[in-house]
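What follows is one structure encoded as structure tokens, with my remarks underneath.
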Amino acid sequence: AGELAGPFAGRPLWLAESTLAAFSAQWGAPGPGSVRTAPADQLLDAAWGEQPAWSIIPFESLEPRWKVLTIDGQSPIRKDFDQAVYPLVISFVVSGLPSAISQLPSAISHLPSANRDLSKLTTLVMTGVTALVRATAFRMEQKGVTYPARDIRDLLRSADLTHISNEVPFAEGCPYPDPNQLTLIFCSDPRYIALLEDVGADILELTGNHFQDYGSEATLYTLEMYKQRGWQYYGGGADLQEATKAITLEHNGNKLAFIGCNPVGPPGAWATETRPGAAPCDYDRMHMEIARLRSEGYLPIVTFQYFEYYTPIPTDQEESTFRGMAEAGARIVNGSQAHLPQAMEFYIGAFIHYGLGNLFFDQMDTPVTGTRREFIDRHVFYAGKYISTELLTAMLEDYARPRPMSEAEREQFLQDIFSVSGW
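And the structure:
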């Protein structure tokens with residue numbers, strides 16, 4: 002045994018008594034002062050109360066406030082997990098009289114052979130602003146339509162479900178991109194949809210305030226392109242009814258629902274009874290819809306095209322609005338509007354991320370420093386429950402191409418965001 006280095010040096014390992022007994026049988030008794038115990042239902046609060054803290058818990062005890070650590074490249078919340086090389090595995094053997102053992106199969110036939118079943122696992126990646134315009138689009142013309150995805154394609158495609166918040170309509174006859182464009186009226190060449198195909202898009206969020214920039218014809222044309230590819234969309238639509246409707250889906254037994262809106266406008270961007278556009282916000286109606294979805298076994302995910310603040314700290318109004326969705330029953334609440342990544346919190350069982358930053362948009366630390374930094378949130382669901390989130394981080398290069406952050410970049414980014422989050 003050697004000396005532990007890193008953030009947990011000198012910190013005891015938190016365990017429930019049952020976990021301590023299991024690993025003591027496999028590894029032997031722990032050294033003096035190396036372990037602290039707490040009842041299983043109090044373990045998480047104890048760990049949060051004495052940070053930095055670490056623990057070993059059963060897979061079925063996972064919930065989002067635990068951060069799952071990777072060991073030798075293996076993590077049980079990832080689809081490529083290899084149990085055979087993972088050290089934190091306990092096998093149980095039953096011994097006894099042959100007459101008793103012979104009755105065992107029927108007695109335990111209702112029990113699973115393991116506490117992790119890949120067929121019950123679903124991964125979802127959620128992203129921030131996509132706007133294939135200006136310098137981003139110019140680079141796509143120069144270097145290829147799928148150039149922006151070069152360094153994160155596999156990361157996005159590896160999820161079971163990939164969410165993209167595309168703020169801009171595709172329009173036939175869209176002008177050639179100008180990297181120095183000053184006006185804020187945007188469209189994207191229809192060829193650029195190949196980028197969304199390349200990253201494995203499944204769910205399109207349409208809450209953006211540029212969705213109607215090129216008029217109803219372009220908006221309806223864009224919706225038809227999504228339908229042709231079998232992509233579900235929400236937060237916008239062909240009329241008010243479609244725009245405000247939640248979409249639902251089921252994957253590996255996990256029932257997810259998505260609903261979103263745009264409180265900002267401008268009014269011309271909003272859908273009406275007779276015009277396509279983004280969904281305006283009716284918070285009371287959304288609260289009732291979220292409660293209904295929860296009653297039907299869905300895990301509601303709510304996203305906003307909220308007011309833009311180039312600060313990582315949410316405003317009181319923003320906090321109140323997002324928390325209201327959690328109080329109604331949402332399990333995840335995201336701000337899709339933020340060009341500058343914002344704080345996050347756990348609130349009455351929900352994970353709230355006030356702003357993820359950009360995904361594909363040309364802000365290279367403009368108009369403020371920090372807009373190159375991006376979050377891609379990978380959420381994990383298992384057996385009908387939301388169990389974990391991984392915060393993936395990227396840095397924008399060349400006005401168009403996010404790449405995974407270096408270790409030093411990631412450490413500084415997370416420290417900055419955790420600090421403003423009160424962690």
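Using our numbering, the letters of the sequence shown correspond one by one to residues 2 to 424.
Virtual Cβ for every residue (Gly too), placed ideally from N, Cα, C.
Keep in mind that this is a model prediction, so the values were computed, not measured.
Three or more beta-carbon pairs under 8 Å between the region 122-136 and the region 331-341, yes or no?
-> The region 122-136, when compared against the region 331-341, does touch it at the 8 Å Cβ threshold.
In terms of residues, what are the limits of the beta strand (DSSP E) holding methionine 289? It is not in any beta strand (DSSP E) - methionine 289 instead sits in the alpha helix (DSSP H) that spans 284-296.
| task | Alpha carbon to alpha carbon, how far is glutamate 168 from phenylalanine 362? Give it in angstroms, no decimals. | result | Computed Cα separation, rounded: 10 Å.
ask   = Leaving out five residues before and five after glycine 278 in sequence, what residues of the same chain have Cβ atoms less than 7 Å from its Cβ?
value = So the list reads Phe212, Gln213, Thr220, Gly237, Ala244, Ala270, Trp271 and Ala272, once near-sequence residues are dropped.
* Spatial neighbours of glutamine 75 within its chain, please: CB distance less than 7 Å, with the 5 preceding and 5 following residues excluded, ordered by chain position. => Annotation for glutamine 75: Phe82, Asp83, Val86 and Tyr87 place their beta carbon closer than 7 Å to its own, counting only its chain and skipping 5 residues before and after.
Alpha-carbon spacing of serine 422 relative to tyrosine 355, whole angstroms:
When rounded, the distance between both Cα atoms is 10 Å.
Spell out the partners DSSP gives leucine 300 in its beta bridges.
BP columns for leucine 300 point to Leu257.
* **Any 3 or more C-beta pairs closer than 8 Å across the region 65-74 and the region 387-394** => Yes, they touch.
Problem - Contiguous beta strand (DSSP E) assignments of at least 3 residues, all confined to the region 62-147 - result: As summarised for the region 62-147, the continuous beta strand (DSSP E) elements at least 3 residues long and confined to that stretch are 122-127, given in chain order.
Requested in this report: Tell me, to the nearest whole angstrom, how far the beta carbon of proline 178 is from that of arginine 135; I am working on the premise that it is less than 8 Å.
Outcome: Going by Cβ atoms, the distance from proline 178 to arginine 135 rounds to 6 Å, so yes, they are a contact pair.
Checklist entry - Is there at least one Cβ from chain C nearer than 8 Å to glycine 356's Cβ? => result Chain labels in this structure do not include chain C; a single protein chain is all it has.
**OP:** Quick one: using the 10 Å Cβ neighbour count with 16 as the cut-off for buried, is glycine 231 buried or exposed?
**Re:** Here glycine 231 is exposed, its C-beta having fewer than 16 other C-beta atoms within 10 Å.
Exercise. Should valine 95 go down as buried or exposed, given a rule of 16 or more other Cβ atoms within 10 Å for buried?
Worked result: Looking at its Cβ environment, which holds fewer than 16 other Cβ atoms inside 10 Å, valine 95 is exposed.
Serine 166 versus Ala150, Ala138, Thr131 and Leu196, residue with shortest Cα-Cα distance: Here the closest residue by C-alpha is Thr131.
Spatial neighbours of proline 281 within its chain, please: C-beta separation below 6 Å, excluding the five flanking residues on both sides. Spatial neighbours of proline 281 in its own chain (CB-CB distance under 6 Å, excluding positions within 5 residues in sequence) are listed in chain order as Trp271.
In angstroms, rounded to a whole number, what distance separates the CA positions of alanine 327 and alanine 30? The alpha-carbon separation between alanine 327 and alanine 30 amounts to approximately 43 Å.
**Prompt:** Whose C-alpha, out of Leu250, His252 and Ser189, is nearest the C-alpha of methionine 226?
**Reply:** Among Leu250, His252 and Ser189, the Cα nearest to that of methionine 226 belongs to Ser189.
Check: Would DSSP call valine 381 helix, strand or coil?
Finding: The answer is strand: DSSP assigns valine 381 an E or B state.
request  = Inspect the beta-carbon positions of valine 381 and tyrosine 311 and report whether they are closer than 8 Å.
outcome  = Cβ atoms of valine 381 and tyrosine 311: not closer than 8 Å.
Practice item. Would you mind stating whether leucine 196 and valine 146 have Cβ atoms separated by less than 8 Å? Key: Less than 8 Å divides the Cβ of leucine 196 from the Cβ of valine 146.
From Leu205, Gln182, Leu183 and Phe187, residue whose alpha carbon lies closest to that of leucine 162:
Answer by Cα proximity: Leu205.
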